[in-house]
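Heads up: the protein sequence lines correspond to chains G and B, in order. At position 393 of the first sequence (counting the first as 1) the number is 393 in our numbering, and the numbers step up by one without a gap. Counting the second sequence from 1 gives a position; our numbering is that position plus 411. For glycine and all other residues, C-beta sits at the position ideal for the given N, C-alpha and C.
Number of protein chains: 2
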Amino acid sequence: MSKANCLVAQSGGPTAVINSSLYGVIMEASNSSKIDKVYGGINGIEGILKKKIIDIFEIPYDKINHMKFTPSAALGSCRYRLKDYKENDEEYKKLFDIFSEYNIKYFFYIGGNDSMETVYKIHSYAQEVGLEINVIGIPKTIDNDLLLTDHSPGFGSAAKFIATVTLELALDGEAYETKTINVMEVMGRNAGWLAASSALVKDKLPDLRHLIYLPEVPFNEEKFLEEVNQAYKEYGNVFITVSEGIKDESGNYIETGAGSYKQDSFGHRQLGGVGDYLEYLIKQKIYKRVRMTRLGFTQRSALHFASQVDFEEAEKVGRKAVQFALNGESGKMVAIIRDNDDPYVVHFETVDAEKVCNEEKLIPTSWISEDGTYVKDEFFKYARPLIQGEVKIPIDGLPNYISLKHQYNLW
Amino acid sequence: MSKANCLVAQSGGPTAVINSSLYGVIMEASNSSKIDKVYGGINGIEGILKKKIIDIFEIPYDKINHMKFTPSAALGSCRYRLKDYKENDEEYKKLFDIFSEYNIKYFFYIGGNDSMETVYKIHSYAQEVGLEINVIGIPKTIDNDLLLTDHSPGFGSAAKFIATVTLELALDGEAYETKTINVMEVMGRNAGWLAASSALVKDKLPDLRHLIYLPEVPFNEEKFLEEVNQAYKEYGNVFITVSEGIKDESGNYIETGAGSYKQDSFGHRQLGGVGDYLEYLIKQKIYKRVRMTRLGFTQRSALHFASQVDFEEAEKVGRKAVQFALNGESGKMVAIIRDNDDPYVVHFETVDAEKVCNEEKLIPTSWISEDGTYVKDEFFKYARPLIQGEVKIPIDGLPNYISLKHQYNLW
């Protein structure tokens, strides 16, 4: 069998460990006798369609190794959905012309839900028209909303950072005799995994009064104010974690103006997000000393305090993707299957990308407390192993991250 | 000479390394043949006036050592200003009754501007009425606005965290072909040291287009929009750091509604802070893809990635305070005097607390670029040595911080 080439690209929102998966693909592919060249697609499928493709080994190995100790997508990312090929196959023809030109027989796509749809579509098209390609999706999302995998690389590091910041903010909030209500806004449009991860602080600060507002639980302003008021009266210091994606009973995002948020603004869009709004509500109705923190994109890029378990798994799913592709699999996503919580043991399988891409994995209702403001033991057992260990990045005052984009003018 | 006791307390906003200063006082005092007991005042001078005083060595040594690897004030803090004793000396009489009851001859107060005023007032009162006490202030503030000291412990760690997050957010913002404008809101009401510290990212990402809005430079909305527009057109990706304390030409905080911020809200207080407002302005006038991050109190509590230089200096100023007090000094603050930038060398002196407490140290105008949106080489030379090294905290998934408040029900 003659050698073929492989192509790897990254898509969607980056994570702290997304380049560890890229590194895993590159290393495993370069070890295989079946694979000749390893190509990198710049800015995901969007860039590949513009033939923005580089030969990875034109980059010296020390930089490839260094790249994994750098957050954000080293090859660049995109948010680009391929059309349905049954309606329009133009892009697919173009894509396979490019694959043919580069003799690409293996394609690895590191991403979330949309990326798994891309994996499924390219695989299906190839099957339909009889083209030879092995397409494997590599899971990546801090949101942890991919189905059929125990969890997604990127989540553990985001969870570790969020819980650490929760701990530090909670301690800071307790310094005074005067009580403090902390409001921390975290990411998560539909799935509350990130917001829930702040609960892990319980292992270090068991008597913190902590309320967590998840997108899985419809948000009711009156109930919220009652809960905060009661917690404040009973404990004084209260920590509130809120997911950016909480919605009212009708499914409207609070952020864009549901409930009294809408009425108060007299038709004018209020500035700020849901965290600002909860801060405003509490200040108006309960207590003045409220602090709001919006972690923003720090959550997905904080490699300076990332999980070593997550970092290693990210590399492993990359390596496994190459092994599965070489075994002839296609249209699949690498999934992490958990065998045991403590000691933590996992293995890797493939699942149909088609089954992953159409739905988001939410926190099971049975893992959420009855009143909807906290998570149960199941969540702790699930999340604890994922935040263990710290990635040892090179540091010289600041982290010594390397930007391939800047060094090679990639895009 | 018979032995006397000492008292140490913490005041104002905590920092990541404030407990390192506390540790320094405790260790140095416990080594002295002149000092018998080391007392800790709970919640600063406010708690001391309520006789909330503990014998530090009732806490086992391993916990005292562990405490320094914990952010937030271990003994609690306060924001309490003593009255002028010439108008009302009631509090002072009470305070010295308590000092007398506990045989306290040395008082160490870890804090910022207001705390140095307290040091000065207690010292002056004692002098006036002929009471024996040595009062020494120990500098602490992430804002770095204390006069007569090269810098203040707490600043280096906050600067390191802010610059690290700037680097991570900037890399994340460059992942797409689509450009991103990042807006990061940091602390600093009047002094821009924290906002300026995000410039340190230049050492790692030299071609980042970075605009920094400092409280030292009057904010003009039109000029701001021109600057951002030009940077966006020329570079695409732009990083904006804004101090929460920026003010318009008349000295009104933008945060509370200066300029068009006020007009747009139709008399209703807008939600959010200055970062939200700049995000809104840019989205309205220049470009839609803007991301706002509000670091909030994470800046002063991020011991998970704190500066070892800062950590060690914080302990040293604590130790030096004890030495200076034992040498008979009073009404003074320990100051860090820089002898050399590279290699970085400092020594410690005392300065009059009175001269420190009446003014805030701002960034020198000559260190700010002509257009007011960046800092010059002088700032880099100044700040670089302060962020070196990382504090090795104990970690078990999350940082193993210890809360004396919780363990001993201190307040």
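In terms of CA proximity to Asp807 (chain B), G:Ala306 leads the group G:Cys357, G:Gly328, G:Asp396 and G:Ala306.
Excluding its 5 nearest sequence neighbours in each direction, Glu627 (chain B) has C-beta neighbours in its own chain below 6 Å: Gly603, Leu773 and Ile774, listed in chain order. The C-beta separation of Ala321 (chain G) from Ser243 (chain G) comes to about 30 Å, leaving the pair out of contact by the 8 Å criterion. In this chain, the beta strand (DSSP E) harbouring Val762 (chain B) covers Val756 to Asp763. Taking a C-beta distance under 8 Å as the contact criterion, Ala170 (chain G) and Val201 (chain G) qualify as a contact pair. Going by DSSP, Ile98 (chain G) is part of the alpha helix (DSSP H) stretching over Glu90 to Glu101. Closer than 8 Å at the C-beta level to chain G, one finds these residues of the segment 479-499 of chain B: Thr481, Pro482, Ser483, Ala484, Gly487, Ser488, Cys489 and Arg490. Leaving aside the five residues that flank Lys3 (chain G) on each side, the residues in its chain whose CB is nearer than 7 Å to its CB run, in chain order, Lys34, Ile35 and Asp36.
Counting C-beta atoms within 10 angstroms of its own C-beta, Asn182 (chain G) has 16 or more neighbours from the protein chains shown and is therefore classed as buried. Secondary structure note for Val334 (chain G): its beta strand (DSSP E) is the uninterrupted segment Lys332 to Asn340. Unbroken beta strand (DSSP E) runs of no fewer than 3 residues, entirely contained in the segment 162-194 of chain G, are found at 181-186, following chain order. Going by C-alpha positions, Gly111 (chain G) is about 5 Å away from Lys140 (chain G). With contacts defined as CB atoms closer than 8 Å, Ala335 (chain G) and Phe348 (chain G) qualify as a contacting pair.
Here DSSP, grouped into helix, strand and coil, assigns Thr365 (chain G) to helix. For Ile779 (chain B) and Ser609 (chain B), the gap between their C-alpha atoms comes out near 14 Å.
Contact with chain B is found for Arg300 (chain G), since one of that chain's Cβ atoms lies less than 8 Å from the residue's Cβ. What Asp614 (chain B) touches in chain G, judged by beta-carbon distance under 9 Å, is Asp396, Gly397 and Leu398, going in chain order. If you keep only unbroken alpha helix (DSSP H) runs of at least 4 residues inside the segment 510-544 of chain B, you get 524-540.
Annotation for Asp55 (chain G): the continuous beta strand (DSSP E) segment containing it runs Ile53 to Asp55. Proximity of chain G to Pro425 (chain B) at the Cβ level (cut-off 7 Å) is accounted for by Asp172 and Ala175, in chain order. In the DSSP assignment, Val290 (chain G) forms a beta bridge with G:Ile181. Two segments are said to touch when three or more pairs of C-beta atoms, one from each, lie closer than 8 Å; by this definition the segment 386-403 of chain G does not touch the segment 493-500 of chain B. In the three-state reduction of the DSSP assignment, Lys83 (chain G) falls in the coil class, being assigned neither a helical nor a strand state. The three-state secondary structure of Gln284 (chain G), taken from DSSP, is helix. By the CB criterion at 8 Å, Cys6 (chain G) and Phe108 (chain G) fall inside the cutoff. His477 (chain B) is not bridged by DSSP to any residue. The beta carbon of Thr704 (chain B) lies closer than 6 Å to those of Met595 in the same chain, with the five residues before and after it left out.
For Gln818 (chain B), the uninterrupted alpha helix (DSSP H) run begins and ends at Leu815 to Tyr819, by DSSP. For Tyr401 (chain G), the neighbours in chain B by C-beta distance under 9 Å run, in chain order, Leu578, Glu579, Leu582, Lys615 and Leu616. In the three-state reduction of the DSSP assignment, Asn416 (chain B) falls in the strand class, which pools E and B.
Going by beta carbons, Leu714 (chain B) and Met478 (chain B) fall outside the 8 Å limit.
With respect to the 8 Å criterion, Glu726 (chain B) and Gly435 (chain B) are classified as neighbours on the basis of their beta carbons. No Cβ-Cβ contact shorter than 8 Å links Leu622 (chain B) with Ile697 (chain B).
The beta carbon of Ala163 (chain G) falls within 8 Å of a beta carbon belonging to chain B, placing the residue at that interface. Closer than 8 Å to the CB of Phe708 (chain B) there is at least one CB belonging to chain G. Closest by C-alpha distance to Thr776 (chain B), out of B:Ile798, B:Pro810 and B:Val786, is B:Val786.
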